[in-house]
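Peer 1: FYI, the numbering for the sequence shown is 15 to 223, going by my numbering.
Where a beta carbon is used, it is the ideal one built from N, C-alpha and C, also for glycine.
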Amino acid sequence: MDEPKPVVAFITGGAWIIGYKAWGSLLGQELVERNVIVACIDYRNFPQGTISDMVKDASQGISFVCNNIAEYGGDPNRIYLVGQSAGAHIAACALVHQAIKEAETERTGLTWSVSQLKAYVGISGGTNFAAALRSMGAQAEVRLYEGKTHTDLFLQDPLRGGKDELLKDILSVIHAGDPLAQADDTAAPPRRRLVPEILLKLARKVSPF
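1) Distance, Cα to Cα, Gly139 vs Ala197?
2) Since I believe Gly38 is in contact with Val52 (beta carbons under 8 Å), could you give me their beta-carbon distance rounded to a whole number of angstroms?
3) Assuming Gly101 and Gly33 form a contact by the criterion Cβ under 8 Å, report the distance between their Cβ atoms to the nearest whole angstrom.
4) Do Ala108 and Ile76 have their CB atoms nearer than 8 Å?
5) Excluding the 5 residues flanking Ala113 on each side, which residues of the same chain have their C-beta closer than 8 Å to its C-beta?
6) For the stretch 63 to 98, which segments carrying the beta strand (DSSP E) assignment without a break, of at least 3 residues, lie completely within its bounds, in sequence order?
7) Using a Cβ distance threshold of 8 Å, determine whether the stretch 188 to 207 contacts the stretch 167 to 178, with at least three qualifying pairs required.
8) I'd like to confirm something about Arg121: is its beta-carbon nearer than 7 Å to some heavy atom of the ligand MG, or not?
9) For Thr165 and Leu185, what's the separation of their Cα atoms in angstroms?
10) Quick check on this structure: which residue in Ser99, Ala201, Arg48 has the alpha carbon closest to the alpha carbon of Thr141?
Here's what the structure looks like:
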């Protein structure tokens, strides 16, 4: 019987107006190829929903993953929350909101706990969240990618193929303490290019992000 796999609960970006779970397909495909289960969580966009609605939707998605992922072959003890851009903001808000609820005396209506998540990774999100966590004694790190735009790491680089810096860093968190998985990551061949470079350069020029 296969061992339960690590899990990424992913919340995509989209400027709070065009977010859609399918935006996570490129990163999801890369992670699945490395034996990681990916659950892309959807949420309402503005004007259909407010930020509070988006955070509520994300929290419900996280709850579902925490409580049901074992049925899909995932390890409930190895769940990682990843958010990109607006999704990084929404995911961070969901974490803070849940932590506040857990600190309340009543603690009623809790369907998941912050302690069920192994780590949070915010891509192209606010670095001040990491600073706030460190000020409270939590372990937090900021990694900057020189020469990269807001969307390079998440869209253009996976389409470009080859070695992927962001994927490498995410896997270093997920596979920490697992030498076999780390060896597989090191030995994995570069991914093939999906889009010609000239089109990626054009997209970089016209992207509003």
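Peer 2: The structure says:
1) What you label residue 139 is simply residue 125 of the sequence shown in a count that begins at 1. What you label residue 197 is simply residue 183 of the sequence shown in a count that begins at 1. Taking the straight line from one Cα to the other gives about 30 Å.
2) One-based indexing of the sequence shown puts residue 52 at position 38. One-based indexing of the sequence shown puts residue 38 at position 24. Their Cβ separation, rounded to whole angstroms, is 7 Å, which keeps Val52 and Gly38 in contact under 8 Å.
3) To locate residue 101, count along the sequence shown from 1; it is residue 87. To locate residue 33, count along the sequence shown from 1; it is residue 19. Between Gly33 and Gly101 the Cβ distance is about 7 Å, and since that is below 8 Å, they are a contact.
4) Residue numbering aside, residue 108 sits at position 94 when the sequence shown is read from its first letter. Residue numbering aside, residue 76 sits at position 62 when the sequence shown is read from its first letter. It is a contact, given that the beta carbons lie within the stated cut-off.
5) For the purposes of this step, residue 113 is identified with residue 99 of the sequence shown, where counting begins at 1. Hits under 8 Å: Val128.
6) 88 to 98
7) yes
8) Among the ligands in the structure shown, none appear at all, so the ligand MG cannot be discussed.
9) Walking along the sequence shown from the start, residue 165 turns up at place 151. Walking along the sequence shown from the start, residue 185 turns up at place 171. Going from the Cα of Thr165 to the Cα of Leu185 covers about 19 Å.
10) Here residue 141 refers to the residue found at position 127 when the sequence shown is read from its first residue. Per the Cα distances, Ser99.
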